[in-house]
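For the record, the sequence lines run as chains A and B. First residue of the first sequence? That's 1489 in this note's numbering, and the numbers climb one at a time after it. First residue of the second sequence? That's 139 in this note's numbering, and the numbers climb one at a time after it. What follows is a set of notes on a single structure, which appears directly below.
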Amino acid sequence: MVLARNVYQALEDIVGLENISEEPVDMDSYTLNWFPELDYRSSPSKFHFVRPTAVVLPGSTEEVQSIVKACNHYQTKYKAFSTGYGSHAFPGQEGVVMVDLRRMNRILEIDAKNKYAVVEPYVSWMQLQAEIYKVGLATTQIQAGSQASVLASVTSCFGMNILGTQGGYNSRNALGIEWVLPTGELLKLGPPDSWFTSDGPGPSLRGVARGNSGALGGLGIFTKCAIKLHDWPGPTRLETEISDPPISYFMPYRLKMEGLELCKGYIPVFPHWENIIDFLYKLVDSEIAYALSAHGGLERILGTVGLGGKQGYDFIQSMKGMVEPLQDQFKYPVMLIMFAQTQKELSWKQMVLEEILTETGGSILPILEGLKIGEFSLSEIADSLISLFIFGNDTHIVHSMGGSFLVTAGYGGTCEAVNRYQYPTGEMLKEKYTTRGKKLLNDGPNTLYFNVFDNAPYAYSEIELHYDPADPESSKALMEIIEAEQKNKLGEKYGFEHSDITLALYSPSADFTWETRVKKLGELTSSFHVWQERIKRALDPNDICDRSNYGVGMLGKELKV
Amino acid sequence: MALEDYKKDMLRCTRCSCCKWIPVFSIAKSWRFAYGCPSIARYNFHSYSGSGKLITSLSLLEGRIDYSDRLLETVYQCTMCGSCDLSCRMGTNMEVLEILRELRAKCVNDGHLIPEHTLMIQNLKTEDTIIQGARKADRGNWASGLKVKDLTKEKAEVVFHAGCRYCSDPELQSIARTVVSLLQNAGVDVGIMGKEETCCGGRVYEMGYFGEFTKYAENNIDAWNTAGVKKVVTACADGYGAVKDLYPRVGKKMNFEVLHVTEYLDQLIKEGKLKLNKKVPLQITYHDPCHLGRLSEPRLPSYGRETTIEELNIQPLKEVPKVLGMNGVFEPPRSVLRAIPGIKLVEMERIKAYSWCCGAGGGVLEAYPDFALWTANERIEEAKSTGAEAIVTACPWCERSFNDAIRKSGGSMKVYDIVELVQESI
């Protein structure tokens, strides 16, 4: 679809000649993303089923407002975009102008005393993190990676983070927000002259703006936000050095541990996933963990260490004799990072950890303590995981095995409810779909990933699946497994709130679209989809902001609210 | 080999945007200097990024888009510095830089040329140099008056390959002369090829002219083998990167060792053959040239050849082990600088394998000088932030780019080649 000339001209007048394009070469670069091949509307193409009509690059809130007003005036759809990661970042219907916010990339304020920072949409986690370390604060960077947008996580989307153990989920770290409503009006959440809260005067609009999972670009454009920051017990600047030999295949850098001597990584293991549940309750109660997550079993962890390529594979093959006997003992590990201010405090935390492990049947296997992988002890590798999961952290890099990865729907809820469903479901699905000639990576039965938040027994988890997007059969196998998991989930009660579910955002088949799943889910719960549609109609009376990935998407238009 | 051979890699791009930044595991030190790719940092549309060019390649191959002026801008307003490749391949096996190179080769083969590059190629064909207006007959003039062996007539253990830029840039020629003096001072049996020296071919490879590259690579290998030299030494990072990284691709046996002058000087200083006694009181920062750093490791492309591990159902493995560029020449130049009395080296934030480009590479200096200046200015800003009085490097292309940018902006930052500082301290 071609944008009408007068509309194009109006947009060009706002952003300038250099900051607008409708060139096919530019448009296609906004049409290929992470998993469009898993959506029946695109499949088997890697290109999303719809291409934007134009891309504009505003440089200020005023320009964003002008763009949105022009779109309303000319009845032209638009959708905001920042770093973008996943097909939901793209338009879901024809005729949409993408508003790429990458020129709005400033850190506007760091208030160390009140522990918050104000950022524009294209500030990445790595940029913010670098600046706030200097004043003893840390972010809650999501697993999408340190290259991803802070604002997108806080205002518009979702994402887990290992640092959530202390820092919480980012929907709860949202403070003041500047919001260009779908009509172009400007709304500031929180007091007009301050950023320290997103509430008041009057009722809170944070739930309306983003809720649990974000509006995914369906409710206007967020142009500034404040994010709550957390204490950083480490040094004001982190230094890395080239590791020769590499500490792992994918990570040729090592973190220099100066200033991090009291930061320790651990990989406790458990005989069964039920022990992990017990462990989590006691651990969050003790508040000794700085960061915590699980990344599947031994095969999965070794895959992370090296399966990305030939050297890594050769390396793992060379260790096979050493690790195979450990496979059973290492089926249910957890990764844990502890920080302390003094050696005494660290010793105390270690003692508490040991006690909790004893009480819950977990252990740091004696054999692991002395284990060397290549030239590195397991302890060194555990420490280096700090840099992997906290400081660097990119999903794309960690998950390059097989070619790429995706997850089943993410579930949030109590540690018990979530894991009691996810562990056996994951193992059942992995057994069924990776051992019978299906083209999914056979990386062991346990590939569960989870985080806990706010040192509370609240967890979020996903079953990780590795596939090859370059192989249509592999993509098809992945679509099957994800559909099977979601049909399984939607049909039953598992003791945790359905409203905590974030569904995977693609449509594997015409009768199993994202919209139909959300609708069914809404009917099972509190009709949340109807409330979302009401919000959409109230804020966007002209239905101009691309609704495809918000609420019930395109189905919402037909909904009786 | 062709662009099609990398289609699987294109299909595996998740558009995560890592290619825009310095590698995530290198840990950014500030908001200001976190970007790795000059092209996306300057032009903003995703098509300018490494990922964008993978998408463009796939789109071209699938017939979704056709050639356009804009497409050529996105392809050629790129210094081919390899930053995107490093940041992506930290964990993946995707051949990002190879795809960028093959995309340019496809443009050339399909007849979609950049006029400034065409002029460079014409000059290369007639004068054996890519510097516009330079003549083959004058190529050896930089060495006039130097008592140095002519390897077309005599034998020597070492050939000093000056490279197109040093041979033809009057502002920089003295650096080539200094190299010869330093080597002679250290007792090295060194010679030059004079007007018979030819372009290394590295730049034209980056521009997509693979055929021309092969011709010049083969010619140089033959010439150096015939001259019987044991070592080829160059002060040009571009030339060094070409010989180390690209020459193995032509498949000719090379009976010589290749050294960048900083590696050789480091050896000579450590062996006590060069004594650096004179104090050079200067606070400097060192710029790692891309071709001396991340682009100086031999990297044989995999051409999409993959194997699968049966027991894992899928797990595509490239037959050729991947190279990240982490073993580039990073320490020798720093070691030389530390050996100079009075020099205080302060590091920038983006160093070694994830150094920011100077802006001169990939044919940008000639075709898009404004972009080259912008990129150089970004680096100079980073250098200034260290408090250094001078930016020191080891490549004539970087020096040209920095000098142009400083001259244009009226800045006071000084630019040195390492060999100039070594000479000052003797």
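Ideal Cβ positions, reconstructed from N, Cα and C, are used throughout, including at glycine.
Asked                                                                                                                               : Found
DSSP beta-bridge partners of N1939(A)                                                                                               : S1781(A) and Y1948(A)
Min CB distance M1595(A) to chain B below 8 Å                                                                                       : Correcting the residue type first, residue 1595(A) is Ile in the shown sequence and not Met. It does; some Cβ of chain B falls within 8 Å.
Helix, strand or coil at G525(B) according to DSSP, with G and I counted as helix                                                   : coil
9 Å Cβ cut-off: residues of chain A touching N261(B)                                                                                : In chain order: nothing, as chain A lies at least about 30 Å away.
Contact list for S493(B) against chain A, beta-carbon separation under 7 Å                                                          : Near S493(B) there are no residues of chain A at all, since even the closest Cβ is about 13 Å away, more than 7 Å.
Per-residue burial, L1505(A) [other beta carbons within 10 Å of its own, 16 or more giving buried]                                  : exposed
Validate contact between the segment 1932-1947 of chain A and the segment 1903-1918 of chain A using beta carbons, cut 8 Å, 3 pairs : yes
E1608(A) versus M1592(A), A1498(A) and P1721(A), residue with shortest Cα-Cα distance                                               : M1592(A)
Neighbouring residues, chain B, relative to R1725(A) (Cβ below 8 Å)                                                                 : K167
Length-filtered (4 minimum) alpha helix (DSSP H) runs lying within the segment 395-444 of chain B                                   : 399-408
Proximal residues of chain B, C-beta to C-beta of S1892(A) below 7 Å                                                                : R150 and T152
Buried versus exposed, by CB contacts within 10 Å (16 or more), T1846(A)                                                            : exposed
Under 8 Å between C-beta atoms of S1570(A) and Y1610(A)                                                                             : yes
Counted within 10 angstroms of its Cβ, other Cβ atoms place N1763(A) as buried (16 or more) or exposed                              : buried
Touching by the beta-carbon criterion (3+ pairs, under 8 Å), the segment 508-521 of chain B and the segment 350-363 of chain B      : no
Inter-residue spacing [alpha-carbon to alpha-carbon] between Y144(B) and E233(B)                                                    : 7 Å
Residue burial classification, M148(B) (beta-carbon count within 10 angstroms, cutoff 16)                                           : buried
Continuous alpha helix (DSSP H) stretch holding A1714(A): start and end                                                             : Counting along the chain, A1714(A) falls outside any alpha helix (DSSP H), though it belongs to the beta strand (DSSP E) covering I1709 to K1716.
Distance between N465(B) and K408(B) (C-alpha atoms, nearest Å)                                                                     : 21 Å
Of the listed residues S1575(A), K1927(A) and L1780(A), nearest to P454(B) (C-alpha basis)                                          : K1927(A)
A243(B) classed as buried or exposed, judged by whether at least 16 other C-beta atoms fall within 10 angstroms                     : buried
Three-state class that DSSP yields for M148(B) in the structure shown                                                               : helix
is_contact[S185(B), chain A] using C-beta, thresh 8 Å                                                                               : yes
Contact check, V418(B) vs S206(B), beta carbons under 8 Å                                                                           : no
Exposed unless 16 or more other CB atoms sit within 10 angstroms - verdict on G1983(A)                                              : Bear in mind that a pLDDT of 49 at G1983(A), under 50, signals an unreliable position, so the model cannot answer this.
Nearest-angstrom beta carbon gap, K1567(A) and D2034(A) [assumed within contact, 8 Å]                                               : 4 Å
Delimiting residues of the beta strand (DSSP E) encompassing A1605(A)                                                               : Y1604 to V1607
Cα-Cα separation, N323(B) to L412(B)                                                                                                : 7 Å
Nonlocal neighbours in the same chain, by C-beta distance under 6 Å from Y195(B), ignoring five residues either side                : The question names Tyr, yet the displayed sequence has Ser at residue 195(B). Closer than 6 Å at Cβ, skipping near neighbours: L141, M148, I237 and L241.
Neighbour list for P1740(A) in chain B, Cβ cutoff strictly below 9 Å                                                                : P161, F163, M228, L462, M464 and A491
Closer than 8 Å to chain B by CB, N1907(A)                                                                                          : no
Buried/exposed call for V1490(A), threshold 16 Cβ in 10 Å                                                                           : exposed
Spatially closest choice to N393(B) from E401(B), L403(B) and V370(B), by CA coordinates                                            : V370(B)
Minimum Cβ-Cβ distance from D1527(A) to chain B less than 8 Å                                                                       : no
K382(B) at chain A interface by Cβ criterion, 8 Å                                                                                   : no
Per DSSP, the bridge partner or partners of Y186(B)                                                                                 : Note: Y186(B) sits in no beta bridge, so no partner.
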